[in-house]
Amino acid sequence: MGKFVVNFAIEHLLSSYLDGDLSPVDVIESVYERLEAYHDRAVWISVALKEDAIKRARTLATHGPTTTLPLYGIPFSVKDSIDVEGYDTTLACPSYAYKANRTAPVVQRILDAGGIFIGKTNLDQFATGLNGNRSPYGTPRCVYDAEYISGGSSSGSVVSVAASLVSFTVATDTAGSTRVPASLNGVVGFKPTLGTLSTVGLVPACKTADCITIIARTVDDVKSAWDVMKWFDEEDVYARRLPPSWPWSWSTRTNEVRFGVPPDDLLKVLSPDYAALFSTAVRTLESDLNLIPAAFEYDAFQSANNMLYGSSIVAQRIVAFDDYISVHGLSKLHPVIKAIFEASSGFDAVRAYKDIFDLQLYRRQAEQQFRDNIDVLVVPSTVTHFTVAEIDEDPIERNKLMGSFTHFVNLLDLCAVAVPTGTWTNKNGRQMPFGVTLIGQAGRDEQLLELGRELTLASGFVPREGPFEGASAT
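Following my numbering, the numbering of the sequence shown begins with 97 at its first residue and continues without gaps.
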């Protein structure tokens, strides 16, 4: 029997490997002990055979840790809308499932860097939703209290990280599907600049706004994965090289960094606990990190936010699954997904072009705000934390409410990182996490990560430690 490993932080594991305190086999043995003990079986759609993961760990151990393998022996999961060779890609829809004959390049880069694949995680069907309870494979629950939603659509992904079952996960974010669940589970969700992580091998939800993402317990772990995963993939028609970065880094900046927040009338949608915690995070940015609050026009961001599900852009979800729908129709879909798809049809070319032109205007207006008035936009990652029962009562409108400050980010070609900054006490007396999202122009990824790290430290937030069986609903 190997050593039981408590801390899955990437830096800790790599240091322990170098010191000889741990081997990859020790870590994988611990992973599978945790998988067996963890109460929430809805986290996973498929799990790698333990003997396969152990074999991989032993193969790595024969080579030993090396600088050419920056993710040596690091366990990770993959959202089940992304291909891994030999595994079904289901999108939480059994009638859609197919066996992947190739691993998505962004996942292959992790494997080539020494990562150990553990399994494919549950999600809202067809990656459509922010709440996490739209899957026939079950509803993953928040790690802090199982009466509450995990958030989605990257539901299983976020729980696999927040419950310390893996070190990080490869997920996606079109409308907030990484930022929202990360915030609800007290971890970090990074949505990089569009086109910097290859989407080859990802089944699209909304092709022009889809983004591969990273969820980890800390910004440092996100950065370790990001450094491996980012590159220009010629095969990806939406790939792009990062533009020149901000003219400052956090440690060497000499100029003022300006930040803006949504107007007060829009922030009224926050629950009282969330409103208080958002105000605290803003004060921390101002008083502890010396950022400068700045006035700006929010109209373009709000207009774009309304477009994702309120314009012809939503029809991209029909385009992505047109072949499936032509064979199966909508009858085999989750009832909520079926309703969304039914509402997505009927847009004509005139409306589509009008929406394209409107969105281009909003992009230019947002660009002007970042150029003239703010460097960073700071928003609540979501508006409140619903219970599973509350979402079931009104699944579409409450899901929409959760995206009040998330839907515009990809449409306006922005990057973002969601970080935890505080806690509140729920009706069961449990401490629940709260977080904000830092948003910047395309290519500002490194600076946002750096700022996110500093904000989390200044806020004093400490992620929940594993291993644990998970929170119960009673």
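Where a beta carbon is used, it is the ideal one built from N, C-alpha and C, also for glycine.
Around the beta carbon of TYR449, a 10 Å sphere encloses fewer than 16 other beta carbons of the protein chains shown; the residue is thus reported as exposed. With fewer than three CB-CB distances shorter than 8 angstroms, the segment 175-195 does not count as touching the segment 148-155. Annotation: ALA411 to ASN402 spans about 14 angstroms, alpha carbon to alpha carbon. Looking at the DSSP output, ILE245 sits in a beta bridge with ARG237. DSSP links TRP140 through a beta bridge to THR217.
No Cβ-Cβ contact shorter than 7 angstroms links ARG459 with LEU534. Here ALA512 is bridged, per DSSP, to LYS287, ILE535. Pairing ILE141 with THR185 gives a Cβ-Cβ distance that is not under 7 angstroms.
The residue among THR164, ALA138, GLY297 with its C-alpha nearest the C-alpha of LEU219 is ALA138. With a cut-off of 8 angstroms on Cβ pairs, the segment 495-507 is in contact with the segment 273-282, counting three or more such pairs. For SER440 and ARG549, the gap between their C-alpha atoms comes out near 39 angstroms. Looking from the CA of VAL284, the closest CA among ALA105, PHE443, ILE214, LYS364 belongs to ALA105.
Beta-bridge annotation (DSSP): MET528 is paired with TRP520.
Two segments are said to touch when three or more pairs of C-beta atoms, one from each, lie closer than 8 angstroms; by this definition the segment 197-210 touches the segment 172-186. In this structure, PRO359 lies near TYR394, with their beta-carbon atoms less than 7 angstroms apart. Taking C-beta atoms as the reference points, THR270 and ALA305 count as a pair closer than 7 angstroms. Where GLY356 is concerned, the enclosing beta strand (DSSP E) starts and stops at 354-356. Three or more Cβ pairs closer than 8 angstroms define a contact, and the segment 370-378 meets that threshold against the segment 517-530.
The three-state reading of DSSP puts THR265 in strand, counting E and B together. In this structure VAL474 is buried. Its beta-carbon is surrounded by 16 or more other beta-carbon atoms within 10 angstroms. For ASN506, the closest C-alpha among the options ASN227, HIS159, THR289 is that of THR289.
Distance from the CA of TYR370 to the CA of ARG130, rounded to the nearest whole angstrom, comes to 32 angstroms.
Taking every protein chain shown into account, the CB of ILE310 has 16 or more other CB atoms within 10 angstroms, so this residue is buried. Taking 8 angstroms as the upper bound for CB-CB distance, PHE466 and GLN537 are in contact here, some 5 angstroms apart. Counting every other CB atom within 10 Å of its CB across the protein chains shown gives LEU545 a total of 16 or more, marking it as buried.
Beta-carbon to beta-carbon, ALA335 and GLY291 are separated by about 5 angstroms, close enough to satisfy the 8 angstroms threshold. In the pairwise beta carbon analysis, the segment 479-496 is classified as touching the segment 234-250: at least three pairs are separated by under 8 angstroms. Restricted to the segment 102-160, the alpha helix (DSSP H) segments that are unbroken, complete and at least 4 residues in length are 106-115, 120-133, 146-159, listed in chain order. Rounded to the nearest angstrom, the gap between the Cα atoms of SER111 and PHE557 is 24 angstroms. Beta-bridge partners of ASP184 (DSSP): LYS195. In the structure shown, VAL254 falls within a helical segment according to DSSP collapsed to helix, strand and coil. The criterion of a C-beta distance shorter than 7 angstroms is not satisfied by ASP332 and ALA554. ASN495 has its alpha-carbon roughly 26 angstroms from the corresponding atom of THR314.
The alpha-carbon separation between VAL513 and LEU457 amounts to approximately 25 angstroms. Along the length of the segment 455-506, whole beta strand (DSSP E) runs at least 3 residues long occupy 472-476, reported in chain order. Assignment of ALA278 by DSSP, reduced to helix, strand and coil, places it in the helix class.
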